[in-house]
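In our numbering, the protein residues as written are 39 to 873.
Where a beta carbon is used, it is the ideal one built from N, C-alpha and C, also for glycine.
Taking it in order: structure first as structure tokens, then the write-up.
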């Protein structure tokens, strides 16, 4: 149905980054982009190991149509739909969850004019100003306040960020692009943040530029095209003409060429917009209404899949005719006709295959000087003295540490000193001799006291002058950091984290202690965090570093469980730092025997019992003990790692297990097993659904807490039928939502504990709810909207949604909420209903 992207790229990538595991030891608890790449690919591939490249945009369009059609249970004609205003549908709830059309007006903080600017204020603000009423500014300390859904943060933990803009006339106004969380605004220099708009067709912001003629106009490129496989596909380039309050997709970019917009650049006169994408270089002279492909010289040593790829593009600081661009394999280019034609630069040693990503920057003090940070030999610095036409090797600080394909940034923006260069990879380094020698100026191991790991962008304050103002901002996997003085900042001093309210954290999983309300959750490159309700959205504290994963919480004691990669389980008592408890699990610690994010759960009937999936299913009956004893209770199946496990509420003998997809594994992929002897030392297992259930990655298994024979299974892949149900303990299966739910990966299912026909499913594009057992479905229009939701769990009658891009949300679905949370349908006069 859709064009395909083969697994060859992911396989090549994994081979290139295998050295990361040697560079970042378990003791250091660094992240592992290579492992994440393999895991992420499995979640999204079909049975043949391919990923549908057009599926996500199609799914977003389908969600938009579903929201529009939520007026009632019946299909209304277009004429009938016009009868109902957005306001009349604002109260529509299904199973207690808000559904229906999206808000049509900006609902975020009202933007007030700064010194010397005349912004285009929202109409509601203008009306109040005309009436001599003082506009009210929404407090930024609580950035999201949807009706029904409550945002739980983290407001003090950032997430992967690749783009930052600062208003040239009012530096207090800033915009940040989250790679999975959309555009966020600050009105106080980054001290607080709020989302600009929750419902962009793509929340994967990779690059942004301001129109120099009108700073209220912003262009945002979507799709994180650097081959970290937890990157989200984009949906073209978006433009805002009101300072980020509303966004329009540029129709010319709604195609495959603009699925991965790595970088945007705009000329100083605003006349030309350039886009660097995986598909090549594109140029617009009409503010993005049309784009023309511009050829860059091919590298004969590069595979065809990388031949046209452009990763970075920069305009000369003062001359719009000159610009530079770069790609992989040491590819660097220059243009002297405003980007119409391009020539290949010389001097950078070419690399074969995937390696050799190049990042470029002009030296502002002398634009004839261009610096290049090259992904070779753990990080090399090249220098050009002729505007980027030829380069010579200057130094090899090793700043990229084998990850330059993923995190790579360089800056030379001092207007007085062309020899001041800052490079970013895992950490940041500074040179004062033109890139020959470097000094480390950050240490990710002590963040937020120092800058977080994995640098993606470096942006100077608009007033940076090299003397009285030397402030520089940094975007990385931990959000946004600020160095007051780039000349004196060091690895252990001079840093300020700017993540208050920046809700773009990417969770893999979470769980709650019902007595205390504490939540433990694992995040991409931000460790395992423990949330305390008394701290509100900022009440998060790291109890383990590196990449976090799935999590578990004792329902009554203050015991919290998490994992580092590959099933390296750890435990925290009373919120103290975690310690490992995986000793005895033979599968732990290797990607050949455990998934990058491997499943583990506490038995809901016995909190002393934990089950964990590698190749085998492992169980301990004394997980609270000093050294838990582990035993394999399910043998490996066809070398397929376990991807999901579940124990029935009220009956520990009933255990379900799902397996990974595996390219080329035939019928073994996605296999589901169950046992009714789960408490025995050697249970017997039965495979269910063979030949019926998909052979894709089984993401989750959910047993109805009120009916052990009713089980839901979710699967990955951009394809139809990723949600299945059995009502007879696996004897027969039925696909739910066929042709209605979008063709995207499904990640979890929650059954309302008091209304069994109310089922909520978590997907790659938000939440969907059904109150008739899965026959009809409705997308939520608030809270976790278009972003991936990885897990759902209950805190009594409160549903918690764990997202990979917008943090954690909660909604009260208590039965006693009566009418406010009851299903809602509009009148259905025959005259306006389609036949």
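Within this structure, are the beta carbons of residue 220 and residue 241 separated by less than 7 Å?
-> Counted from its first residue, the chain shown places residue 220 at position 182. Counted from its first residue, the chain shown places residue 241 at position 203. Yes, these two residues count as a Cβ contact at 7 Å.
Per-residue DSSP class, three states only, for residue 564 = To locate residue 564, count along the chain shown from 1; it is residue 526. Note: residue 564 maps to coil in three-state DSSP.
Kindly confirm or deny that the stretch 801 to 809 and the stretch 129 to 140 touch, where touching means at least three C-beta pairs closer than 8 Å.
-> yes
Can you give the beta carbon distance from residue 349 to residue 370, rounded, assuming they're within the 8 Å contact cut?
-> For the purposes of this step, residue 349 is taken as residue 311 along the chain shown, with counting starting at 1. For the purposes of this step, residue 370 is taken as residue 332 along the chain shown, with counting starting at 1. Not really, about 10 Å apart at Cβ, beyond 8 Å.
Exposed or buried, what is residue 664 when buried is set at 16 or more other beta-carbons lying within 10 Å of its beta-carbon?
-> As a first step, residue 664 is located in the chain shown; it is residue number 626 there, counting from the start. Exposed.
Backbone secondary structure at residue 836 - three-state DSSP | As a working note, residue 836 is residue 798 in the chain shown. Strand.
Could you check if residue 842 is buried or exposed, using at least 16 other CB atoms within 10 Å of its CB as the buried criterion?
-> The residue given as residue 842 occupies position 804 in the chain shown. Residue 842 comes out buried.
Taking only runs that begin and end inside the stretch 275 to 310, name each unbroken beta strand (DSSP E) of 3 or more residues, in chain order.
-> 275 to 278 and 299 to 304
What does residue 314 pair with, by DSSP beta-bridge criteria?
-> On the chain shown, position 276 is the one that residue 314 refers to. Residue 314 is bridged to 301 and 319.
Contact set for residue 667: own chain, Cβ-Cβ below 8 Å, skip 5 residues either direction | The residue given as residue 667 occupies position 629 in the chain shown. Correct list, in chain order: 622, 658, 659 and 660.
Which stretch, first to last residue, makes up the beta strand (DSSP E) that contains residue 352?
-> The residue given as residue 352 occupies position 314 in the chain shown. It spans 350 to 353 - the beta strand (DSSP E) in which residue 352 sits, taken as one unbroken run.
Taking residue 297 as the reference, which of 376, 93, 483 and 364 has the closest Cα?
-> For the purposes of this step, residue 297 is identified with residue 259 of the chain shown, where counting begins at 1. The shortest C-alpha separation from residue 297 is found at 93.
Alpha-carbon to alpha-carbon, residue 831 and residue 545 | If you number the chain shown from 1, residue 545 lands on position 507. If you number the chain shown from 1, residue 831 lands on position 793. One C-alpha to the other measures close to 14 Å.
So what does DSSP say about residue 365, is it helix, strand or coil?
-> As a working note, residue 365 is residue 327 in the chain shown. Three-state result, residue 365: coil.
Residue burial classification, residue 172 (beta-carbon count within 10 angstroms, cutoff 16) = Numbered from its first residue, the chain shown carries residue 172 at position 134. Caution is warranted here: a pLDDT of 31 is assigned to residue 172, below 50, making its placement in the model unreliable, and no coordinate value can be reported.
Are residue 706 and residue 678 touching if we call contact CB-CB under 7 Å?
-> Stepping through the chain shown from its first residue, residue 706 is reached at position 668. Stepping through the chain shown from its first residue, residue 678 is reached at position 640. Contact flag set, yes.
Enumerate, from N- to C-terminal direction, the unbroken beta strand (DSSP E) stretches of 3 or more residues contained entirely within the stretch 757 to 821.
-> 761 to 764, 784 to 789, 797 to 801 and 804 to 808
What residues are listed by DSSP as bridge partners for residue 462?
-> Stepping through the chain shown from its first residue, residue 462 is reached at position 424. In DSSP, residue 462 forms a bridge with 447 and 466.
With 16 other CB atoms within 10 Å as the buried threshold, where does residue 737 fall?
-> What you label residue 737 is simply residue 699 of the chain shown in a count that begins at 1. Buried, because 16 or more other Cβ atoms sit within 10 Å of the Cβ of residue 737.
Given residue 183, which residues of its chain have a CB within under 6 Å of its CB, disregarding the five upstream and five downstream residues?
-> Position 145 of the chain shown, counting from 1, holds the residue named residue 183. Reliability fails at residue 183, whose pLDDT of 38 lies under 50, so the model's placement of it is uncertain and the value that follows must be treated cautiously. Nothing listed; no residue qualifies.
Alpha carbon to alpha carbon, what distance is there between residue 837 and residue 699?
-> Within the chain shown, numbered from 1, the residue matching residue 699 stands at position 661. Within the chain shown, numbered from 1, the residue matching residue 837 stands at position 799. The straight-line gap from Cα to Cα measures roughly 29 Å.
At what residues does the beta strand (DSSP E) containing residue 686 begin and finish?
-> By 1-based counting over the chain shown, the position of residue 686 is 648. Its beta strand (DSSP E) spans residues 680 to 686.
Looking at C-alpha atoms only, which residue of 640, 656, 644 and 372 is the closest neighbour of residue 620?
-> Start at 1 with the first residue of the chain shown, and residue 620 comes out as number 582. If we check each option's Cα against that of residue 620, 656 comes out closest.
Taking three-plus beta-carbon pairs below 8 Å as touching, is the stretch 450 to 458 in contact with the stretch 434 to 442?
-> no
Could you tell me which residues DSSP pairs with residue 246 in its beta bridges?
-> Counting from one through the chain shown, the residue named residue 246 turns up at place 208. In DSSP, residue 246 forms a bridge with 258.
Counting only the same chain and skipping the five closest in sequence on each side, list residues whose C-beta sits under 6 Å from that of residue 750.
-> Reading the chain shown from its first residue, position 712 is the one you call residue 750. Cβ within range, chain order: 740, 763 and 787.
Best match in 573, 446 and 376 for proximity to residue 266 [C-alpha to C-alpha] = On the chain shown, position 228 is the one that residue 266 refers to. Looking at the Cα atoms, 446 is the closest of the given residues.
Enumerate, from N- to C-terminal direction, the unbroken beta strand (DSSP E) stretches of 3 or more residues contained entirely within the stretch 558 to 619.
-> 566 to 569, 578 to 582, 597 to 602 and 606 to 611
Exposure of residue 363, with buried meaning 16 or more beta-carbon neighbours within 10 Å = Position 325 of the chain shown, counting from 1, holds the residue named residue 363. The residue is buried, with at least 16 neighbouring Cβ atoms inside 10 Å.
Classify residue 484 as buried or exposed, calling it buried when 16 or more other Cβ atoms lie within 10 Å of its own Cβ.
-> To locate residue 484, count along the chain shown from 1; it is residue 446. With fewer than 16 Cβ atoms within 10 Å of its Cβ, residue 484 is classed as exposed.
Close Cβ partners of residue 662 (< 7 Å) along its chain, the five nearest in sequence each way excluded = If you number the chain shown from 1, residue 662 lands on position 624. Around residue 662: 597 and 646.
Hey, quick one: how far does the alpha helix (DSSP H) through residue 105 stretch, first residue to last?
-> As a working note, residue 105 is residue 67 in the chain shown. Residue 105 -> alpha helix (DSSP H) spans 93 to 106.
Would you mind working out which of 745, 721, 709 and 746 sits nearest residue 752, comparing C-alpha positions?
-> For the purposes of this step, residue 752 is taken as the residue at position 714 of the chain shown. Cα-wise, what sits closest to residue 752 is 709.
C-alpha gap between residue 444 and residue 264, whole angstroms = As a position in the chain shown, residue 444 is number 406, starting the count at 1. As a position in the chain shown, residue 264 is number 226, starting the count at 1. If I take the Cα positions, the gap works out to 6 Å.
Which listed residue (456, 771 and 580) has its alpha carbon closest to that of residue 403 | By 1-based counting over the chain shown, the position of residue 403 is 365. Comparing Cα positions, the closest option is 456.
Less than 6 Å between the CB of residue 82 and some heavy atom of the ligand FAD, yes or no?
-> The ligand FAD is not among the ligands present in this structure, which contains no ligands whatsoever.
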